[in-house]
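In the working numbering, the protein residues as written are 18 to 243. Right, one structure below, let's go through it.
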Amino acid sequence: MIALSVDVEPDFPPHYESLDGLGEGLTALVADIREANADATFFVTGELLDKKPEVLDLLKGFEIGCHGFRHIDLTELRDLQVYHELVEAMEAFNEHGIKPSGFRAPYARVNNMVLDSVRRIFEYDSSVVFYHKQPHVIEEAPIYSGGKLFGFSNSWFNRIRHFPRPENKVFFIHPWEYGGFDFSKIMEKRRDQLKWGYAKENYRTNLKELLKEKTVRISELIKAKK
Numbered sequence: 018m019i020a021l022s023v024d025v026e027p028d029f030p031p032h033y034e035s036l037d038g039l040g041e042g043l044t045a046l047v048a049d050i051r052e053a054n055a056d057a058t059f060f061v062t063g064e065l066l067d068k069k070p071e072v073l074d075l076l077k078g079f080e081i082g083c084h085g086f087r088h089i090d091l092t093e094l095r096d097l098q099v100y101h102e103l104v105e106a107m108e109a110f111n112e113h114g115i116k117p118s119g120f121r122a123p124y125a126r127v128n129n130m131v132l133d134s135v136r137r138i139f140e141y142d143s144s145v146v147f148y149h150k151q152p153h154v155i156e157e158a159p160i161y162s163g164g165k166l167f168g169f170s171n172s173w174f175n176r177i178r179h180f181p182r183p184e185n186k187v188f189f190i191h192p193w194e195y196g197g198f199d200f201s202k203i204m205e206k207r208r209d210q211l212k213w214g215y216a217k218e219n220y221r222t223n224l225k226e227l228l229k230e231k232t233v234r235i236s237e238l239i240k241a242k243k
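Structure follows, in structure tokens:
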């Protein structure tokens with residue numbers, strides 16, 4: 018089973034703070050997922066709900082998860098600061114009548130301290146990469162790959178996508194990678210990916226191919242594992 022997730026956040030953090038990807042990029046992502054009759058989980062920062070509440074109209078029918086309040090590295094905070102950051106995020110969601118059950122940390126960076134706060138609020142986490150030791154304090158939907166992987170040539174993308182382990186895979190992608198944001202700014206930071214055929218046009222090609230497998234939301238993948 019393959020789950021797809023989208024991290025709804027500012028453009029290419031921490032390098033930029035613009036929100037250009039929330040227009041063209043997010044709209045195109047949602048349209049392609051719906052067209053494929055597939056599903057996904059969208060991890061949204063609480064701060065964006067304050068700035069761009071109209072995002073929720075676009076995401077109706079999908080699973081909404083929490084991506085923190087601000088897009089900051091939670092592992093650099095103290096334990097009470099982490100908890101307050103998550104509470105502030107939940108307050109932003111609650112104002113819109115949403116109670117997310119899932120969490121993904123900004124930059125997918127967590128440690129035991131962060132996860133201890135996460136388990137007090139959420140039912141599952143999806144921040145830990147699958148080849149790292151899995152925590153036992155909370156249900157984990159480990160990340161397989163994504164992000165820049167979708168920009169690889171189709172042959173490289175498929176080679177990595179079809180790796181036999183793990184059996185259940187969680188992929189992620191960002192709206193700012195998909196459109197709206199100046200891709201040349203991304204290329205400035207990712208020139209080392211050119212050896213894999215990295216290019217803007219690969220994102221849509223590779224995602225559309227993945228969507229043919231009828232991706233699911235993360236909560237469905239977790240339910241199927243039990």
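We put the beta carbon where it would ideally sit given N, CA and C, even for glycine.
Grab me the residues of glutamate 140's own chain with a C-beta within less than 6 Å of its C-beta, minus the 5 sequence neighbours each way, in chain order.
Ser118
Nearest to glutamate 156 by CA position, among Tyr124, Gly78, Ile239, Arg221, is which residue?
Ile239
Candidates Pro123, Asn175, Val145: closest to tyrosine 161 by CA position:
Val145
Going by the CB atoms, is the gap between phenylalanine 110 and glycine 78 shorter than 8 Å?
no
So, with DSSP's three-state summary, where would you put lysine 217?
Three-state result, lysine 217: coil.
Between Asn175, Ile190, His179, which lies nearest to lysine 165 when the distance is taken from Cα to Cα?
Ile190
Given 8 Å as the limit, is there contact between the segment 45-54 and the segment 205-214, that is, 3 or more CB pairs closer than that?
no
Which value, in whole angstroms, describes the spacing of the CA atoms of lysine 225 and alanine 20?
14 Å
Evaluate the contact criterion for the segment 113-130 versus the segment 75-91: three or more CB pairs, one atom per stretch, below 8 Å.
yes
If you draw a straight line from the C-alpha of tyrosine 215 to the C-alpha of aspartate 133, how long is it?
37 Å
As an exercise, report each continuous alpha helix (DSSP H) stretch of at least 4 residues that is fully enclosed by the segment 21-72, in chain order.
41-52, 63-68
So, with DSSP's three-state summary, where would you put valine 233?
Three-state DSSP puts valine 233 in a strand.
Cβ shell of arginine 221 (< 6 Å), same chain only, five flanking positions each side left out:
none
Tyrosine 141, DSSP secondary structure in three states:
strand
Alpha carbons only, please: which of Val233, Asn223, Phe198 is nearest the one belonging to tyrosine 33?
That would be Phe198, whose Cα lies nearest to the Cα of tyrosine 33.
Among Arg137, Phe167, Ile138, Val127, which residue has its Cα nearest to the Cα of lysine 150?
Val127
State buried or exposed for tyrosine 148, treating a residue as buried only when at least 16 other CB atoms are found within 10 Å of its CB.
exposed
Below 6 Å CB to CB, which residues in the same chain sit around aspartate 37 once its five sequence neighbours on both sides are set aside?
Asp28, Gly197, Phe198
Take phenylalanine 200 and list the residues in its own chain whose beta-carbon comes closer than 7 Å to its own, dropping the five residues that flank it on each side.
Lys217
Short of 8 Å in beta carbon distance, which residues of its chain neighbour lysine 69, apart from the five on each side in sequence? Order them along the chain.
Leu36, Leu39
Answer with buried or exposed for isoleucine 177, where buried requires no fewer than 16 other C-beta atoms within 10 angstroms of its C-beta.
exposed
When Asn223, Met130, His179, Arg87 are compared against methionine 107, the one with the closest alpha-carbon
Arg87
Determine the direct distance from the alpha carbon of tryptophan 193 to that of proline 181, and round the result to whole angstroms.
29 Å
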